[in-house]
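I have placed the structure first, in the form of structure tokens, so that the comments after it can refer back to it.
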Amino acid sequence: RAEFNQAELDPHSQRLLKVYDLWNKPLPVDKIHDARRAYFGACSYIDDNIGQLLQTLEECNLADDTLIVFSGDHGDMLGERGLWYKMHWFEMSARVPLLIHAPKHFAAARVSASVSTCDLLPTLVELAGGTVDNNLHLDGRSLLGHLQGQGGHDEV
């Protein structure tokens, strides 16, 4: 476990530690382990429920005709850099899960490019066979090229 000098953290991180009432209150190692176990337990719970959903779709012969999108709105710091929760710009807090399952449109693969949840609307419109009106001035771009293995943008 790395120790962090809170006074050397950036001002935003210092403010958040004070807001969370964690300033000058180091957490005991057992509490850190408990928090991480709880987080990963929640991830396992979600994973199990997604598995049950996929199994039900298979049993109902709907798996190939169903579009599934799973995402989140933030990650969580789990003590990295001495920080907890969300509202940081560090990777653990800023990265969000995103899973798109559409077997009629593309095979399972991992996209390593930087994309955004802003890309979901144009992606879903394109998957539904539509086109996004250019007058909408959306920040996002379709991920379909990425999902079909053809590549695409790599910035947010």
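All residue numbers for the sequence shown refer to the working numbering, where the first residue is 124 and numbers rise by one.
We put the CB at the ideal spot given by N, CA and C, even for glycine.
- Relative to residue 232, the option among 167, 208, 200, 268 whose CA is nearest is 268.
- The straight-line gap separating the alpha-carbon atoms of residue 153 and residue 163 is approximately 15 Å.
- Look at the beta carbons and you see the region 245-255 not touching the region 209-220: under three pairs across the two are nearer than 8 Å.
- Only buried fits residue 205, as 16 or more other CB atoms lie within 10 angstroms of its CB.
- With 16 or more other Cβ atoms inside 10 Å of its own Cβ, residue 245 counts as buried.
- Taking 9 Å as the cut-off, the Cβ atoms of residue 202 and residue 132 do not count as close.
- The alpha-carbon of residue 274 is positioned some 13 Å away from that of residue 229.
- If the five residues before and after residue 237 are omitted, its C-beta is found closer than 7 Å to the C-beta atoms of 277, 278, 279, all from its own chain and listed in chain order.
- Exposure of residue 260 is indicated by the presence of fewer than 16 other C-beta atoms within 10 angstroms of its C-beta.
- Between residue 190 and residue 155, the gap from beta carbon to beta carbon reaches 9 Å or more.
- For the options 193, 253, 141, the alpha carbon positioned closest to that of residue 174 is the one of 193.
- In the three-state scheme derived from DSSP, where H, G and I count as helix and E and B as strand, residue 132 is classed as coil.
- If you compare the alpha carbons of 241, 183, 141, 225 with that of residue 195, the shortest gap goes to 241.
- Restricted to the region 134-212, the beta strand (DSSP E) segments that are unbroken, complete and at least 3 residues in length are 191-194, listed in chain order.
- Inclusion of residue 208 and residue 168 in the CB contact set at 9 Å is not warranted, their separation being larger than that value.
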